[in-house]
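Asks: With the first letter of the sequence shown counted as 1, position 14 gets the number 14 in full-length UniProt numbering; the numbers rise by one all the way through. Beta carbons are placed, not taken as given, at the ideal position from N, Cα and C, and that holds for glycine. This structure is a prediction, so every number in the text was calculated from the model and none was measured.
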Amino acid sequence: MTTINATTYSIHFDEKAYHELASLVSKNNYSSIFVLVDDNTLEHCYPRFMQLFATDKPIEVIQIEAGEIHKNIETCMGVWNVMTELGADRKSLLITLGGGVITDLGGFVASTFKRGIDFVNIPTTLLSMVDASVGGKTGVDLGVLKNQIGVFANPEMIIIDAEYLHTVSTREIRSGTAEIIKYGMTHDIELFNEIRGNDQVNIVDLIHRSIEIKNEVVLEDPKEQGVRKVLNWGHTIGHGVESYFLESPEKEAITHGEAIAIGMVCEAYLSSKILDFPKKKVLEIKEAIINIYGKVAINEDDIQPIIALMKHDKKNINGEINFVLLNDYEDFKINCKASEDLIQESIAFYNS
Ligand code: GLY
Numbered sequence: 001m002t003t004i005n006a007t008t009y010s011i012h013f014d015e016k017a018y019h020e021l022a023s024l025v026s027k028n029n030y031s032s033i034f035v036l037v038d039d040n041t042l043e044h045c046y047p048r049f050m051q052l053f054a055t056d057k058p059i060e061v062i063q064i065e066a067g068e069i070h071k072n073i074e075t076c077m078g079v080w081n082v083m084t085e086l087g088a089d090r091k092s093l094l095i096t097l098g099g100g101v102i103t104d105l106g107g108f109v110a111s112t113f114k115r116g117i118d119f120v121n122i123p124t125t126l127l128s129m130v131d132a133s134v135g136g137k138t139g140v141d142l143g144v145l146k147n148q149i150g151v152f153a154n155p156e157m158i159i160i161d162a163e164y165l166h167t168v169s170t171r172e173i174r175s176g177t178a179e180i181i182k183y184g185m186t187h188d189i190e191l192f193n194e195i196r197g198n199d200q201v202n203i204v205d206l207i208h209r210s211i212e213i214k215n216e217v218v219l220e221d222p223k224e225q226g227v228r229k230v231l232n233w234g235h236t237i238g239h240g241v242e243s244y245f246l247e248s249p250e251k252e253a254i255t256h257g258e259a260i261a262i263g264m265v266c267e268a269y270l271s272s273k274i275l276d277f278p279k280k281k282v283l284e285i286k287e288a289i290i291n292i293y294g295k296v297a298i299n300e301d302d303i304q305p306i307i308a309l310m311k312h313d314k315k316n317i318n319g320e321i322n323f324v325l326l327n328d329y330e331d332f333k334i335n336c337k338a339s340e341d342l343i344q345e346s347i348a349f350y351n352s
């Protein structure tokens with residue numbers, strides 16, 4: 001797979017990427033290397049990483065607990081404290097080895113430690129390969145509110161090694177697939193067509209194309225002043241749903257991708273009401289999403305609290321909920337508004 005060049009860094013694929021990492025380490029003469037893992041990636045991914053990455057620098061492993069509920073400032077404090085105890089300095093390198101929680105949190109920890117040290121992302125889940133690890137967004141959640149605290153900071157490089165996908169569950173893969181579907185609907189419908197057709201997909205090709213799309217968008221608008229908002233297609237309602245399910249003890253947890261998939265159905269409905277997105281395609285999206293993800297029950301009583309959570313979305317300005325909507329596939333419009341009644345109707349449409 002060909003290397004993808006981002007602003008100040010590159011995204012390298014396959015085993016040759018570990019040689020690039022070794023070159024980076026020797027070129028920058030880092031004083032020490034820290035690898036941030038969680039319980040799962042320590043057991044299932046770290047052995048492969050150590051087998052493929054050759055260095056004579058000291059390596060320290062820092063382990064945090066797996067799961068979105070640990071993506072918070074307390075966990076960052078723990079990592080900063082351990083780095084301090086282990087003598088990390090400004091010439092240390094932090095390598096993040098894990099899913100979106102590890103790459104987002106690790107990037108934030110690195111970019112704020114001693115006003116910023118270098119970091120490298122090695123995403124191990126589909127979601128972090130195609131989205132979280134790419135594009136320079138780092139951060140943590142504030143309570144149930146997703147990614148409220150963070151900074152834009154680019155890694156020195158990213159390694160995409162699809163072998164790590166063998167270590168994650170089918171449900172996790174499906175979660176990441178929602179982001180690929182997102183790129184499909186907004187930029188390259190073939191991605192959506194491949195996923196919804198039942199053919200055997202080439203996952204590495206899908207990952208490569210998704211990163212190409214994301215990278216092009218980020219190159220145009222690194223700090224989400226405009227066009228980058230398109231990457232939030234499905235996420236405005238999706239994040240509301242995800243936060244609501246996270247904070248409701250009586251609800252079974254859903255993954256990020258499952259929530260975003262619901263968001264894409266609802267926002268397709270809004271697109272047909274507010275723009276000219278064809279109704280036929282709204283139904284086609286709903287059918288495909290329910291085929292892939294099944295149906296999550298959202299009760300009448302759940303809708304208002306979901307909308308209340310959406311009011312914290314970072315894209316909102318002057319308290320108005322801000323959407324990316326579609327005129328058609330591959331034809332989007334940012335900064336759209338929808339009334340609360342219509343948002344309510346769109347969630348009821350998913351549920352119908
Ligand atoms: N996940 C959306 C973005 O990186 O902008």
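What does the alpha-carbon distance come out to for the pair I159 and Y18?
Replies: 7 Å
Asks: What are the start and end residues of the alpha helix (DSSP H) that includes S23?
Replies: 16-28
Asks: Span of the beta strand (DSSP E) holding residue 353?
Replies: Given that the chain is displayed from residue 1 to residue 352, the structure contains no residue 353 and the question cannot be resolved.
Asks: Please list the terminal residues of the continuous alpha helix (DSSP H) segment that includes K251.
Replies: First-last for K251: undefined, no H or E at that position.
Asks: Check whether the Cβ of E242 sits closer than 8 Å to any heavy atom of ligand 1, and report yes or no.
Replies: no
Asks: Would you check if the stretch 62-72 and the stretch 37-47 touch, i.e. whether three or more CB-CB distances between them fall below 8 Å?
Replies: Touching, yes, given that three or more Cβ pairs across the two stretches are closer than 8 Å.
Asks: Smallest Cα separation from N29: which of P58, D221, K16?
Replies: The closest CA to that of N29, considering only P58, D221, K16, is found on P58.
Asks: Which runs of the alpha helix (DSSP H) at least 4 residues long sit entirely within the UniProt domain "3-dehydroquinate synthase N-terminal" (62-174)? Give them in chain order.
Replies: 73-85, 100-112
Asks: Counting only the same chain and skipping the five closest in sequence on each side, list residues whose C-beta sits under 6 Å from that of N147.
Replies: G139
Asks: Return the CA-CA distance between E15 and M50, expressed in angstroms with no decimal places.
Replies: Roughly 12 Å separates the two Cα atoms.
Asks: Does DSSP classify E212 as helix, strand or coil?
Replies: helix
Asks: Report the CB separation of T236 from D313 in whole angstroms; it is logged as a contact under 8 Å.
Replies: Between T236 and D313, the beta carbon gap of about 6 Å places them in contact (Cβ cut-off 8 Å).
Asks: Give a yes or no on whether the C-beta atoms belonging to T125 and Y183 are separated by under 9 Å.
Replies: no
Asks: Is V296 helix, strand or coil by DSSP?
Replies: coil
Asks: Please determine whether the Cβ atom of K137 lies at a distance below 8 Å from any heavy atom of ligand 1.
Replies: yes
Asks: Suppose the cutoff is 6 Å on Cβ atoms and the five residues either side in sequence are ignored; what does the same chain contact list for Q344 look like?
Replies: I303
Asks: Contact check, S243 vs V144 under 8 Å by CB: the rounded distance?
Replies: Yes, S243 and V144 are in contact; Cβ-Cβ is about 4 Å, under 8 Å.
Asks: Quick check: does the Cβ of E224 come within less than 8 Å of any heavy atom belonging to ligand 1?
Replies: yes
Asks: Less than 9 Å between the C-beta atoms of A268 and V282, yes or no?
Replies: yes
Asks: Quick check on DSSP: helix, strand or coil for D39?
Replies: If DSSP states are grouped into helix, strand and coil, D39 belongs with the helices.
Asks: Run through DSSP, which three-state label would N5 get?
Replies: strand
Asks: Closest to N291 by CA distance: which of T112, E258, I211 is it?
Replies: E258
Asks: Which one or two residues does DSSP pair with H12 in a beta bridge?
Replies: I159
Asks: Between D313 and ligand 1, is there a pair consisting of the residue's CB and a ligand heavy atom that are separated by less than 8 Å?
Replies: It does not: the Cβ of D313 is nowhere closer than 8 Å to a heavy atom of ligand 1.
Asks: Measure the C-alpha to C-alpha separation of Q225 and N322 and round it to an integer number of angstroms.
Replies: 13 Å
Asks: Which residues mark the beginning and the end of the alpha helix (DSSP H) in which F53 is found?
Replies: DSSP places F53 outside any alpha helix (DSSP H), giving it a letter other than H or E.
Asks: Give the straight-line distance between the Cα atoms of G234 and V324, rounded to the nearest whole angstrom.
Replies: 8 Å
Asks: Nearest-angstrom Cα distance between H70 and N327?
Replies: 38 Å
Asks: What residue does the alpha helix (DSSP H) around F192 start on, and which one ends it?
Replies: 189-196
Asks: Relative to the alpha-carbon of residue 397, which residue among G98, E60, I102 has its alpha-carbon at the smallest distance?
Replies: Past the edges of the chain, shown from 1 to 352, lies residue 397, and the structure says nothing about it.
Asks: Would you kindly report the start and end of the unbroken beta strand (DSSP E) that includes N335?
Replies: Per DSSP, the continuous beta strand (DSSP E) segment holding N335 begins and ends at 331-337.
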